[in-house]
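Numbering (full-length UniProt numbering), first residue to last: 1 to 673.
Idealized CB from N, CA, C, for every residue including glycine.
Worksheet: the structure to be examined is printed underneath.
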């Protein structure tokens, strides 16, 4: 017959495929041998003919191996066929992902349907398919098989020699563990198996270093997010049993309020008393008395101890009627008059937790990874059971300390909450937080680094005054210089309205040598400020070119400038450091900073204090979007020159929307132009 085939031909029915190469043969033809005859397929060119030829051969052999390996009889024959299948995939001239994935899926199905294999058979099959795994992710069923091998034989050489390159490829190239969770689980089990070796965490540390590379910058951007995803999932699994039974345990809202009756929960999990007491054994004990006793909620792996205090009950009774979910960190606030939680994990869960917290600590040691790590851990991604676990928060403290020591703003700014009402690491590790175990040393370190770069200084001080004034005063009383500076700034910026509180702060400052010295300096500055702001002096002032910050400070300390409305610092050498002098000018309405080195830090300070400024010239200054966005709080601005700055179009649109009085704007030679 000639022409189109009327009936389809199954791949399994093809007995042979040949290229027609004899003389006078039809051009670009393939000959298929099938039962009952042959069929010629003619292509348009030789490239397409060869593509058909290799594709048909590949399909024919794949069907053969599927049939052979679907009914295994002798495993030595099966192993030989697997090796042949792998060789065929590696030598095929076809370039397609399915060429390597198809054999892996065949082996994966074979392993899932045969659970009676010996350990030796497992390792032989893994070694046989290893060449295919160098450039391909294992399919889900194969990942499950690899996980089982890691759990059962963590010290096997197969784990080191075969699985290491596979896991390295997963960490370097995987884009989303959500689409392939078994890859994440396999990576998790592989790292745990490394931890089971004699050297333990040293082996894990070498593996992490190999993923980062020897240079100061990791060349693979996906490694860190994937490692963090594995760590978070592993840590979550340590508390998973308790999380699943959360409905049957004292909720954090109950712990916070301390007044929910135990009988209201109707728990399935057993409840028993941590400490026996004759009063509790007695049948006459009241529910109110029982709530004042420590209670333990047990699951297979976790014990959660809850101490309820009557004083806390009285303070929080007003919030009982509120059904809204309490703030995360507020639920975990710990003080002598509040509730406490202590969690104990099983030995296995404890080993997993220790391993992956150590990995987070290793990741925080790499300078190039620290900004991204801080961002990935914001907002707090751990379950509240983990945050209530003393061992976990104590170990994780090293990571937070590394963030607090990093001078880069993109790192230490992640200590703060993402948005209002959602607490962050700063609140968790501050005095009164469940994780604070060092009398506020880490808290003081965080405050110090945040005050050095926080553009919302006044807002930050207000937050400290409202929530952490007691701890700040206590640390200042113990001679902590950072806290002494904080209390002085609160007085200088008039953060504290209450006279009694102001007097208490002054008494605290005068109780230590460092506090007394800094308070005297504050009083001297206040006298100078009063003299500076006294009515009188010029209304316009222009500094000579090449003037510095010191020159400006010397000039402003020489007399009264209470009437100064127009100040020109154009073409001088002033920097952001002069902002602390500029904010003391109460009548300033026009400020010219053309062609100076005034940057983002100074702009943030101005935006917080000079809210009545009307004209601002930032032409040819090094300000960026980070500082320009702060100008949105200066509602009185009428004229703004951002010519030749690093202004972006998005920031420009944002400023236009938030500054209703803005009439004159110069954005030439910027992205927004």
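Assign residue 8 to one of two classes, buried (16 or more other C-beta atoms within 10 Å of its C-beta) or exposed (fewer than that). Against the chain shown, residue 8 aligns to sequence position 8. The residue is exposed, with fewer than 16 neighbouring Cβ atoms inside 10 Å.
Rounded distance between the beta-carbons of residue 48 and residue 41, thought under 8 Å: The residue given as residue 41 occupies position 41 in the chain shown. The residue given as residue 48 occupies position 48 in the chain shown. At roughly 10 Å, the Cβ-Cβ gap does not stay under 8 Å, so residue 41 and residue 48 are not in contact.
Grouping DSSP H, G and I as helix and E and B as strand, with all else coil, what is residue 126? The residue you call residue 126 lines up with position 126 of the chain shown. In this structure, residue 126 counts as helix in the three-state DSSP scheme.
Please report how far the alpha carbon of residue 664 lies from the alpha carbon of residue 638, in whole angstroms. Position 664 of the chain shown, counting from 1, holds the residue named residue 664. Position 638 of the chain shown, counting from 1, holds the residue named residue 638. Taking the straight line joining both Cα atoms gives about 6 Å.
Could you check whether residue 543 and residue 579 sit closer than 9 Å to each other, using their CB atoms as the reference points? Numbered from 1 along the chain shown, position 579 holds the residue referred to as residue 579. Numbered from 1 along the chain shown, position 543 holds the residue referred to as residue 543. Contact flag unset, no.
Please state whether DSSP places residue 523 in a helix, a strand or coil. Reading the chain shown from its first residue, position 523 is the one you call residue 523. Residue 523: helix per DSSP, three-state reduction.
Neighbourhood of residue 563 by C-beta distance below 8 Å, restricted to the same chain and skipping five residues each side: Numbered from its first residue, the chain shown carries residue 563 at position 563. Once the five neighbours on either side are set aside, the close Cβ partners of residue 563 are 535, 536, 537, 538, 539, 587.
Cβ shell of residue 666 (< 8 Å), same chain only, five flanking positions each side left out: As a working note, residue 666 is residue 666 in the chain shown. Around residue 666: 619, 640, 641, 642, 643.
Span of the beta strand (DSSP E), counted from its first residue to its last, around residue 16: Looking up residue 16 in the chain shown gives position 16. Residue 16 -> beta strand (DSSP E) spans 16 to 19.
Which one of 599, 600, 545 has the shortest CA to CA distance from residue 573? Translated into the one-based positions of the chain shown, residue 573 becomes position 573. Per the Cα distances, 545.
Measuring alpha carbon to alpha carbon, tell me which of 480, 570, 607, 550 ends up nearest residue 577. Here residue 577 corresponds to residue number 577 of the chain shown, with the count starting at 1. Nearest of 480, 570, 607, 550 to residue 577, Cα basis: 550.
Residue 486, DSSP secondary structure in three states: Stepping through the chain shown from its first residue, residue 486 is reached at position 486. Three-state result, residue 486: helix.
Are the segment 493 to 512 and the segment 525 to 534 touching, with three or more C-beta to C-beta distances below 8 Å? no
Whole angstroms are fine: how far does the CA of residue 214 sit from the CA of residue 22? For the purposes of this step, residue 22 is identified with residue 22 of the chain shown, where counting begins at 1. For the purposes of this step, residue 214 is identified with residue 214 of the chain shown, where counting begins at 1. Those two C-alpha atoms are separated by around 59 Å.
Quick one: Cα of residue 330 to Cα of residue 630, how far? The sequence position of residue 330 within the chain shown is 330, counting from 1. The sequence position of residue 630 within the chain shown is 630, counting from 1. A caution first: residue 330 carries a pLDDT of 42, below 50, which makes its placement in the model unreliable, though a value can still be read off. Answer to the nearest angstrom: the Cα atoms are 30 Å apart.
What separation, rounded to the nearest whole angstrom, lies between the Cα atoms of residue 277 and residue 391? Here residue 277 refers to the residue found at position 277 of the chain shown. Here residue 391 refers to the residue found at position 391 of the chain shown. The predicted position of residue 277 is uncertain, since its pLDDT is 37 and thus under 50; a value taken from the coordinates is nonetheless stated next. Rounded to whole angstroms, residue 277 to residue 391 spans 29 Å at the Cα level.
Taking the alpha-carbon of residue 223 as reference, which of 584, 203, 126, 212 has the nearest alpha-carbon? Mapped onto the chain shown, residue 223 falls at position 223. Checked all of 584, 203, 126, 212; the closest Cα to residue 223 is 212.
Residue interval of the alpha helix (DSSP H) (run including residue 39): In the chain shown, counting from the first residue as 1, residue 39 sits at position 39. Taken as a continuous stretch (DSSP letters only), residue 39 belongs to no alpha helix (DSSP H), being part of the beta strand (DSSP E) at 37 to 42.
Between which two residues does the beta strand (DSSP E) holding residue 480 run? By 1-based counting over the chain shown, the position of residue 480 is 480. No beta strand (DSSP E) holds residue 480; DSSP gives it neither H nor E.
Nearest to residue 681 (by Cα), restricted to the options 181, 343, 475, 26: Limits of the chain in this structure are 1 at one end and 673 at the other, which puts residue 681 out of reach.
In or out: residue 413 buried (at least 16 other Cβ within 10 Å) or exposed? The residue labelled residue 413 in the question sits at position 413 within the chain shown. When all chains shown are included, residue 413 counts as buried.
Check whether the segment 84 to 99 and the segment 113 to 126 touch, using three or more Cβ-Cβ pairs below 8 Å as the test. no
Rounded C-beta distance between residue 522 and residue 491? I'm assuming under 8 Å. To locate residue 522, count along the chain shown from 1; it is residue 522. To locate residue 491, count along the chain shown from 1; it is residue 491. Residue 522 to residue 491, Cβ: 6 Å. Contact.
Taking Cβ to Cβ, would you say residue 394 is nearer than 9 Å to residue 435? Translated into positions along the chain shown, residue 394 becomes position 394. Translated into positions along the chain shown, residue 435 becomes position 435. Cβ distance < 9 Å, so residue 394 and residue 435 count as in contact.
Touch check for the segment 438 to 456 and the segment 589 to 596: three-plus C-beta pairs under 8 Å? no
What distance in whole Å lies between the Cβ atoms of residue 170 and residue 183, which are believed to be in contact at a cut-off of 8 Å? Counting from one through the chain shown, the residue named residue 183 turns up at place 183. Counting from one through the chain shown, the residue named residue 170 turns up at place 170. That pair is a contact at about 5 Å.
Beta-carbon spacing of residue 205, residue 362 below 9 Å: On the chain shown, residue 205 is found 205 positions in, with the first residue counted as 1. On the chain shown, residue 362 is found 362 positions in, with the first residue counted as 1. In this structure, residue 362 lies closer than 9 Å to residue 205 by Cβ.
Rounded separation between residue 513 and residue 487 - CA only: Counted from its first residue, the chain shown places residue 513 at position 513. Counted from its first residue, the chain shown places residue 487 at position 487. Distance between the alpha carbons of residue 513 and residue 487 is about 15 Å.
Given this structure, state the Cα-to-Cα distance separating residue 649 from residue 622, to the nearest angstrom. Taking the first residue of the chain shown as 1, we reach residue 649 at position 649. Taking the first residue of the chain shown as 1, we reach residue 622 at position 622. Their Cα atoms are separated by approximately 17 Å.
Could you tell me the alpha carbon to alpha carbon distance between residue 374 and residue 592, rounded to whole angstroms? The residue given as residue 374 occupies position 374 in the chain shown. The residue given as residue 592 occupies position 592 in the chain shown. Distance between the alpha carbons of residue 374 and residue 592: 37 Å.
Residue 138 and residue 166 - do their beta-carbons sit closer together than 9 Å? Along the chain shown, one-based indexing puts residue 166 at 166. Along the chain shown, one-based indexing puts residue 138 at 138. Result yes, Cβ atoms of residue 166 and residue 138 sit closer than 9 Å.
Would you check if the distance between the CB atom of residue 360 and the CB atom of residue 238 is smaller than 9 Å? Looking up residue 360 in the chain shown gives position 360. Looking up residue 238 in the chain shown gives position 238. No, the Cβ-Cβ distance between residue 360 and residue 238 is not below 9 Å.
With burial defined as no fewer than 16 other Cβ atoms inside 10 Å of the residue's Cβ, what is the status of residue 1: buried or exposed? Taking the chain shown and counting its residues from 1, the one referred to as residue 1 is at position 1. Bear in mind that the predicted position of residue 1 carries a pLDDT of just 49, short of 50, making it too unreliable to give a figure here.
In terms of residue numbering, what span does the alpha helix (DSSP H) encompassing residue 666 cover? Sequence index remark: in the chain shown, residue 666 carries index 666 (1-based). Per DSSP, residue 666 belongs to no alpha helix (DSSP H); it is in the beta strand (DSSP E), 664 to 666.
Given a cut-off of 9 Å, decide if residue 404 and residue 449 are closer than it, judged by their beta-carbon atoms. In the chain shown, counting from the first residue as 1, residue 449 sits at position 449. In the chain shown, counting from the first residue as 1, residue 404 sits at position 404. Yes. Within cutoff.
C-alpha gap between residue 132 and residue 625, whole angstroms: As a working note, residue 132 is residue 132 in the chain shown. As a working note, residue 625 is residue 625 in the chain shown. Whole-angstrom Cα-Cα distance: 49 Å.
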